[in-house]
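Asks: Please see the structure below; I have some questions.
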């Protein structure tokens, strides 16, 4: 069934009716906008020296067109169809970053110009009776600052689409070509550039662990240095790090994504222009060939070529012969003026040309006139709030700039001196002779009294000095690895003394037990009598190194407070009623230890500010006296008294960072680690490093390493007996010690960015 159509006449009436409605609506809107008149401009100070400006009008305002410039620093707002009903076209603010507000009405709009002391961030908001603009005093938006967060881990549910291959090759233009093959051709790819890196995100794609790595493609001699690929939540991210000047282009054909990074090659014309700019010339090139031409005519040729208005003094005269080919016009003008002893002064689109002495005399008279005017100009007083720096430091910088008697300006900072001229005076170059600066520590503000022009210049200087200082996070890892091995092997051999009831047959009452000068192993303190003797046993001497000790005492020593394992047994027993005659003890101990001590101090400090962090302990040890005089405690003293001594052992990190213009960090580092070796002998081991390094932002470098290896082998034996094969092991002791220590110090500086967001 087909839809019915309207008759042609009705269709025409319908279009006419619709057109009438649209025209009426447009006329009403235009009338409403044109009837709006700007009646007032109000400003108020917000926390943080932010300034809010409200534009009050007789009717509602639409969102204005806006733009900003850096030099000069200003914000321009265009309200189309708005009439200017203000009594004064300029409003002086002199608060925060705003100097003044100017309203200018043109044919179809009213332009609001906000003059700034320095470039600033701003936002527009619609109000009930007009519009408002907020000019922020900070260089970044605090509301957008987020804490750094790591990349998301691999998702539990792996997407079906995967990256099958990542390849890199060299392009025909000498650039780098990154080729990524996908398993599906419907993948969404997001390519963008941030912080000098090219980021490529493949949405809803998974990456195998084999492809999750870094590609170092520096050997290809392209602008691309490295390519990092990793899984970021349920997406795959590629980070391409280029260098130099480059241009990149990406495209996708089916399942293949290609990114081309080509170098920007300068043409001969661009190289020549850069050479001219290095000499200070930026004008368009021209060629001049004149023979005995009047100087005024030569200047007229340049004026016609450039379109700039030239005003030539009546005293300019003479002829010139000049032949210049393909040179900037400002260089040609400079050559003409130098050869004729002339000078120029440019104001906007007008250049005044006159003899050098004439221009010098004119400027001297102008300066004298301005000095007379400044002498009688009323002084004004303003309070300038300092946001990031200390008001006293800013005031000292202002006061430290002095003028030399021969009118040569020299900056004398921090009490410096100058050898130029006849010496410095008390006159300040930023302020006038009548100006003064006072510091209010309570509000961190400076009170300035001077002529309005000098205060405006001072605000510009303060706006450039009062900047937030960048901060650096320094992470340090001190890793000390120990590998220790010790082994003790020894033997102890002794002859037991006979008991009192050991008799030779028929020798009643004789005591031959003392006749055999034997010993006992340590731990055996009692030799029991014979099984048929009820008398108590005799306690024998088991000490070492004295008569009655062991015949051979070469047993294994303890290691780290642990006693060695030992096994003792009898080699000979005289029989019933006799003691054990010969006893042997074998002992052995082996210790193998591996350890790793990791210290990781980290701290945050401002740029070019020294920071210190330490951790340790203090131990008081007793200092024995020489036995003369009364003993004393506490502080210790002379006269032979003992006392207490404080021993400090700490891990200390002292660092001073300096951020370079290319966002690298120069670090003055001092690391000291103390370890108490022996409290009894007051021995402290110290490891210290002091150096200066240059590192990239986030780069981990090794700033120091110490490797020590100590090996000791020892053998103690009885002469002659210890040399007997096999049996000689009963008369010797072997010791083996092997200690290895390795110390590594890692350092990672990270520049803290207010907008740092790794997600």
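Numbering (this note's numbering), first residue to last: 9 to 767. All C-beta atoms, glycine included, are put in the ideal place defined by N, C-alpha and C. Just so you know, these numbers come straight off a predicted model, no measurement behind them.
1) Mind checking which residues open and close the alpha helix (DSSP H) that includes residue 460?
2) Run the CB neighbour count on residue 595, radius 10 Å, all protein chains shown included, and call it buried at 16 or more, exposed below.
3) Leaving aside the five residues before and after residue 724 along the sequence, list all residues of the same chain whose C-beta is less than 7 Å from its C-beta, in chain order.
4) Report buried or exposed for residue 500, applying the criterion of at least 16 other Cβ atoms within 10 angstroms of its Cβ.
5) Given a threshold of 16 other Cβ atoms within 10 Å of its Cβ, counted over all protein chains shown, does residue 225 qualify as buried or as exposed?
6) Let me check understanding here. Comparing Cα to Cα, which of 103, 72, 99 and 290 lies closest to residue 117?
7) Hey, quick one: how far does the alpha helix (DSSP H) through residue 717 stretch, first residue to last?
8) Starting from residue 60, trace the beta strand (DSSP E) both ways and give me its first and last residue.
9) So, helix, strand or coil for residue 730, using DSSP?
10) Opposite residue 610 in the DSSP bridges: which residues?
11) Who pairs with residue 681 in a beta bridge, going by DSSP?
12) Sorted by chain position, which residues of the same chain lie with C-beta nearer than 6 Å to residue 314's C-beta, five sequence neighbours on each side aside?
13) Of the choices 181, 211 and 734, whose alpha-carbon is the least far from that of residue 254?
14) With DSSP collapsed to three states, give me the class of residue 619.
15) Is residue 296 helix, strand or coil when you go by DSSP?
16) In terms of alpha-carbon separation, which member of 693, 745 and 752 lies closest to residue 709?
17) What span of residues does the beta strand (DSSP E) with residue 261 cover, start to end?
18) For a test of your reading of the model: does the CB of residue 133 fall under 7 Å from any non-hydrogen atom of the ligand COA? Yes or no.
19) Restricting to Cα atoms, I'd like to know which of 251, 237 and 252 is closest to residue 245.
20) In the DSSP output, what is residue 73 paired with across the bridge?
21) Tell me the rounded alpha-carbon separation between residue 572 and residue 694.
22) Could you give the residue range of the beta strand (DSSP E) that holds residue 238?
23) Going by DSSP, what residue range makes up the beta strand (DSSP E) through residue 141?
24) Below 8 Å between beta carbons: does that hold for residue 6 and residue 612?
25) Would residue 385 pass as a contact of residue 459 if the rule is Cβ separation under 8 Å?
26) Please go through the same chain and pick out, in chain order, the residues whose beta-carbon is closer than 7 Å to the beta-carbon of residue 232, but skip the five residues on each side of it.
27) Closest by CA to residue 67, which one among 394, 139, 311 and 128?
28) Is it right to say residue 681 is buried, meaning 16 or more other beta carbons lie within 10 angstroms of its own, or is it exposed?
29) Closer than 8 Å is the cut-off here; do at least three beta carbon pairs connect the region 322–339 with the region 369–387?
30) Given a threshold of 16 other Cβ atoms within 10 Å of its Cβ, counted over all protein chains shown, does residue 160 qualify as buried or as exposed?
31) Counting C-beta neighbours from all protein chains within 10 Å, is the total for residue 475 16 or more, i.e. buried, or is it exposed?
32) Using the C-alpha atoms, what's the distance from residue 674 back to residue 659?
33) With distance defined between alpha-carbon atoms, name the residue in 187, 188, 176 and 192 nearest to residue 168.
34) Curious, which full-length beta strand (DSSP E) runs of at least 3 residues does the region 96–143 contain?
35) Applying the 10 Å Cβ sphere with the 16-neighbour rule, what's the burial state of residue 144?
36) Taking DSSP as the reference, what is the three-state secondary structure of residue 401?
Replies: Walking through what the data contain:
1) 460–473
2) buried
3) 562, 740 and 741
4) Classification of residue 500: buried, given that the 10 Å Cβ count is 16 or more.
5) Buried, because 16 or more other Cβ atoms sit within 10 Å of the Cβ of residue 225.
6) 72
7) Per DSSP, residue 717 belongs to no alpha helix (DSSP H); it is in the beta strand (DSSP E), 709–725.
8) 58–65
9) helix
10) Residue pairing of residue 610 in beta bridges, as defined by DSSP: 483.
11) 659 and 695
12) 337, listed in sequence order.
13) 181
14) Of the three classes helix, strand and coil, the one that applies to residue 619 here is strand, per DSSP.
15) Three-state DSSP puts residue 296 in a strand.
16) 752
17) 254–261
18) For the structure depicted, the ligand COA is absent and the ligand set is empty, with no information on it obtainable.
19) 237
20) 86
21) 32 Å
22) 232–240
23) 138–143
24) Nothing can be reported for residue 6: it is not among the residues displayed for the chain, which extend from 9 to 767.
25) yes
26) Cβ contact annotation for residue 232 (same chain, cutoff 7 Å, sequence separation greater than five): 184, 225, 248, 250 and 269, in chain order.
27) 139
28) buried
29) no
30) For residue 160, the predicted structure reports a pLDDT of 47, less than 50, and the residue's modelled location is therefore unreliable. A value from the coordinates is still provided. Flag for residue 160 reads exposed.
31) exposed
32) Answer to the nearest angstrom: the Cα atoms are 22 Å apart.
33) 192
34) 98–103, 106–113, 117–124, 130–134 and 138–143
35) Buried, since its Cβ has 16 or more Cβ neighbours within 10 Å.
36) helix
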